[in-house]
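Below: the structure, in structure tokens.
Residue numbers (full-length UniProt numbering): 1 to 429.
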């Protein structure tokens with residue numbers, strides 16, 4: 001306690017002695033201080049700085065009504081103001097430890113209450129820790145530091161410019177985006193049955209094959225179903241035959257071969273995450289390089305909201321914040337509104353919330369081409385009639401992959417064929 005009070009007084013004394021320290025005052029809140037008088041001094045100095053007034057003993061005395069001797073004594077401990085930044089960090093650390101201790105006591109009290117279930121206790125614990133973490137991190141940075149950090153990132157990219165470990169494996173998409181990027185939220189949206197899960201699995205496997213760790217959170221399919229999709233896609237065995245167990249000797253050989261090939265420990269199948277707090281906990285535990293969520297509309301929020309749109313907004317905001325917190329890309333699958341059925345999708349068709357558009361760095365639509373669109377493509381020579389007939393004859397689907405939004409790059413679209421029997425996308429040609 002005595003040490004904390006000494007640091008509080010030394011920090012305030014620095015603000016009184018040297019206006020060069022004033023740039024650091026906004027890192028502090030009154031709750032970081034134990035002593036009530038010191039809180040008053042902090043708030044008075046903040047007020048004077050905001051009003052562009054001189055910070056001195058008498059002005060602080062006028063605002064706080066504290067004894068002038070108390071205020072002048074604050075500077076006695078200050079041998080030099082050069083340690084202001086480290087002292088503030090130390091003061092924040094002490095304050096956050098107090099907050100953690102308070103939250104820990106609350107959580108312990110909850111564990112003693114038999115009316116509170118374990119899952120609620122776990123979720124509340126993680127929320128409280130996240131609050132402390134967000135408070136303890138620096139709120140702002142200088143342009144100087146940001147520029148130096150940027151140069152470091154660019155140097156690293158230059159040294160690793162041949163690194164394609166975050167490439168999706170879909171060549172035209174990778175050309176447009178240079179693959180996935182840390183701290184970015186990508187939404188892949190489509191109507192049901194157009195291949196959202198297929199393309200997400202395809203991307204995830206490609207990145208895992210590049211020695212990255214991938215966490216695939218599926219709220220719709222079992223582990224067995226997802227593995228059957230992988231086997232079908234890479235063995236070229238019809239998914240219906242796998243589901244029925246209709247395999248001949250050659251089919252079994254292919255199945256075993258693919259199963260052995262994909263016995264990976266760096267591809268995590270997550271079936272238990274029901275809300276964003278569960279996902280955040282898993283990210284902390286497994287430290288994946290990429291998270292894929294299948295799909296948004298099945299996720300629940302931790303808090304209570306008056307309508308589903310507000311809830312979805314909270315979920316997408318949480319996911320975006322996770323990309324920043326853990327410095328990883330996240331792919332979120334989403335459904336489109338029924339209005340998009342048969343029509344070329346737009347951002348307005350994103351289901352349940354405009355927040356999806358706001359929070360997503362990239363938005364990709366999978367669009368099943370209708371007869372009129374296919375006719376135009378045949379007429380302008382993009383595809384031959386024979387090519388289209390062959391695609392349809394095999395039960396495959398002609399699609400456009402539409403890069404509708406890319407915060408840091410161009411938008412556009414390109415054609416691909418969705419093969420439902422193998423649950424994979426292939427290039428046209």
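We treat Cβ as the ideally placed atom computed from N, Cα and C, and that holds for glycine.
_CB of residue 387 within 8 Å of CB of residue 366, strictly_ = As a position in the chain shown, residue 387 is number 387, starting the count at 1. As a position in the chain shown, residue 366 is number 366, starting the count at 1. Residue 387 is not a Cβ neighbour of residue 366, given a cutoff of 8 Å.
*If we count Cβ pairs, one from each stretch, closer than 8 Å, do we get three or more for the region 89 to 98 versus the region 113 to 121?*
The region 89 to 98 makes no contact with the region 113 to 121: fewer than 3 CB pairs, one atom from each, lie closer than 8 Å.
*Around the Cβ of residue 389, are there at least 16 other Cβ atoms within 10 angstroms (buried) or fewer (exposed)?*
By one-based count along the chain shown, residue 389 stands at place 389. By the 10 Å Cβ count, residue 389 comes out exposed.
*Spell out a yes or no on whether the region 209 to 224 and the region 255 to 270 are touching, meaning 3 or more CB-CB pairs, one atom from each, closer than 8 Å.*
yes
*asked:* Taking DSSP's pairing of strands, which residues face residue 216 in a bridge?
replied: Numbered from 1 along the chain shown, position 216 holds the residue referred to as residue 216. Paired residue(s): 269, 292.
_Helix, strand or coil at residue 123 according to DSSP, with G and I counted as helix_ = Against the chain shown, residue 123 aligns to sequence position 123. Reduced to three states, the DSSP call for residue 123 is helix.
*For residue 278, count neighbouring Cβ atoms within 10 angstroms of its own Cβ and tell me buried if that reaches 16, exposed if not.*
Counting from one through the chain shown, the residue named residue 278 turns up at place 278. Residue 278 should be labelled buried.
*Return the residue from the list 57, 186, 109, 69 that minimises the CA-CA distance to residue 406.*
Numbered from 1 along the chain shown, position 406 holds the residue referred to as residue 406. Closest option to residue 406, Cα to Cα, is 186.
*Ordered along the chain, which non-local residues of its own chain (more than five positions away) have a Cβ less than 6 Å from that of residue 324?*
Walking along the chain shown from the start, residue 324 turns up at place 324. Within the same chain, residue 324 has close Cβ partners 183.
*Just mark residue 79 as buried or exposed, buried being the case when its beta carbon has 16 or more other beta carbons within 10 Å.*
Taking the chain shown and counting its residues from 1, the one referred to as residue 79 is at position 79. With fewer than 16 Cβ atoms within 10 Å of its Cβ, residue 79 is classed as exposed.
*Return yes when the Cβ of residue 301 is within less than 8 Å of the Cβ of residue 281, no when it is not.*
Here the question's residue 281 lines up with position 281 in the chain shown. Here the question's residue 301 lines up with position 301 in the chain shown. It is not a contact, given that the beta carbons lie outside the stated cut-off.
*Just the Cα atoms here: how many angstroms apart are residue 258 and residue 211?*
On the chain shown, position 258 is the one that residue 258 refers to. On the chain shown, position 211 is the one that residue 211 refers to. Distance between the alpha carbons of residue 258 and residue 211: 18 Å.
*Among 19, 35, 32, 76, which has the Cα closest to the Cα of residue 50?*
Looking up residue 50 in the chain shown gives position 50. The shortest C-alpha separation from residue 50 is found at 19.
*Three-way DSSP call (helix, strand, coil) for residue 339 in this model*: Within the chain shown, residue 339 is the residue found at index 339, counting from 1. Here residue 339 sits in helix by DSSP.
*Are the beta-carbon atoms belonging to residue 198 and residue 424 less than 8 Å from one another?*
Stepping through the chain shown from its first residue, residue 198 is reached at position 198. Stepping through the chain shown from its first residue, residue 424 is reached at position 424. If you check the CB distance, residue 198 and residue 424 come in under 8 Å.
*CB-CB under 6 Å to residue 418, same chain, minus the five flanking residues each way: which ones, in chain order?*
By one-based count along the chain shown, residue 418 stands at place 418. So the list reads 195, 397, 399, 425, once near-sequence residues are dropped.
*Could you give the residue range of the alpha helix (DSSP H) that holds residue 206?*
Residue numbering aside, residue 206 sits at position 206 when the chain shown is read from its first letter. Looking at the DSSP string, the run of the alpha helix (DSSP H) that includes residue 206 is 196 to 209.
*asked:* Is it buried or exposed, residue 9, if we count other Cβ atoms within 10 angstroms and call 16 or more buried?
replied: Position 9 of the chain shown, counted from the start, is the residue given in the question as residue 9. Buried, since its Cβ has 16 or more Cβ neighbours within 10 Å.
*Buried or exposed by the 16-neighbour rule on C-beta atoms within 10 Å, applied to residue 335*: Position 335 of the chain shown, counted from the start, is the residue given in the question as residue 335. Burial call: buried.
*asked:* Once DSSP output is grouped into helix, strand and coil, what is the label at residue 334?
replied: For the purposes of this step, residue 334 is identified with residue 334 of the chain shown, where counting begins at 1. Assignment of residue 334 by DSSP, reduced to helix, strand and coil, places it in the strand class.
*What separation, rounded to the nearest whole angstrom, lies between the Cα atoms of residue 72 and residue 1?*
Residue mapping note: residue 72 aligns to position 72 of the chain shown, counting from 1. Residue mapping note: residue 1 aligns to position 1 of the chain shown, counting from 1. Between residue 72 and residue 1, the alpha-carbon positions lie close to 22 Å from each other.
*For residue 401, write down the residues that DSSP places opposite it in a beta bridge.*
Indexing the chain shown from 1 puts residue 401 at position 401. According to DSSP, which records beta bridges pairwise, residue 401 is partnered with 366, 414.
*Counting only runs that start and end within the region 48 to 122, where is the alpha helix (DSSP H) found for 4 or more residues in a row?*
57 to 64, 68 to 73, 84 to 111
*Give me the Cα-Cα distance between residue 16 and residue 108, rounded to the nearest whole angstrom.*
Within the chain shown, residue 16 is the residue found at index 16, counting from 1. Within the chain shown, residue 108 is the residue found at index 108, counting from 1. Computed Cα separation, rounded: 42 Å.
*residue 305: buried (16+ other C-beta within 10 angstroms of its C-beta) or exposed?*
Here residue 305 corresponds to residue number 305 of the chain shown, with the count starting at 1. It is exposed - the Cβ of residue 305 has fewer than 16 other Cβ atoms within 10 Å.
*Can you tell me which of 360, 172, 403, 156 puts its alpha carbon nearest to the alpha carbon of residue 428?*
Your numbering for residue 428 matches position 428 in the chain shown. Looking at the Cα atoms, 172 is the closest of the given residues.
*Rounded to the nearest angstrom, how far is the Cβ of residue 318 from that of residue 337, given a contact under 8 Å?*
Numbered from 1 along the chain shown, position 318 holds the residue referred to as residue 318. Numbered from 1 along the chain shown, position 337 holds the residue referred to as residue 337. That pair is no contact at about 22 Å.
*asked:* Counting C-beta neighbours from all protein chains within 10 Å, is the total for residue 192 16 or more, i.e. buried, or is it exposed?
replied: Here residue 192 is taken as the residue at index 192 of the chain shown, counted from 1. With fewer than 16 other Cβ atoms within 10 Å, it is exposed.
*Going by alpha carbons, who is nearest to residue 77 out of 395, 3, 252?*
For the purposes of this step, residue 77 is taken as the residue at position 77 of the chain shown. Ranking 395, 3, 252 by Cα distance to residue 77 puts 3 first.
*8 Å CB neighbourhood of residue 286 in its chain, flanking five on each side removed*: As a working note, residue 286 is residue 286 in the chain shown. Around residue 286: 213, 215, 268.
*With a threshold of 16 other CB atoms inside 10 Å of the CB of residue 416, please say whether the residue is buried or exposed.*
Numbered from its first residue, the chain shown carries residue 416 at position 416. Answer is buried; the Cβ neighbour count reaches 16.
*asked:* Bridge partners for residue 427 per DSSP, in chain order?
replied: Your numbering for residue 427 matches position 427 in the chain shown. Paired residue(s): 416.
*Would you give the residue range spanned by the beta strand (DSSP E) that residue 177 belongs to?*
Translated into the one-based positions of the chain shown, residue 177 becomes position 177. No beta strand (DSSP E) holds residue 177; the alpha helix (DSSP H) holding it covers 171 to 177.
*Verify whether the separation of the beta carbon atoms of residue 180 and residue 290 is less than 8 Å.*
Here residue 180 refers to the residue found at position 180 when the chain shown is read from its first residue. Here residue 290 refers to the residue found at position 290 when the chain shown is read from its first residue. Cβ distance < 8 Å, so residue 180 and residue 290 count as in contact.
*asked:* Let's see if you can read the secondary structure: which residues bound the beta strand (DSSP E) around residue 188?
replied: Within the chain shown, the letter at position 188 stands for residue 188. Note, residue 188: beta strand (DSSP E), 185 to 190.
_Which residue marks the beginning of the alpha helix (DSSP H) containing residue 326, and which one marks its end?_
Walking along the chain shown from the start, residue 326 turns up at place 326. Where residue 326 is concerned, the enclosing alpha helix (DSSP H) stretches over 308 to 326.
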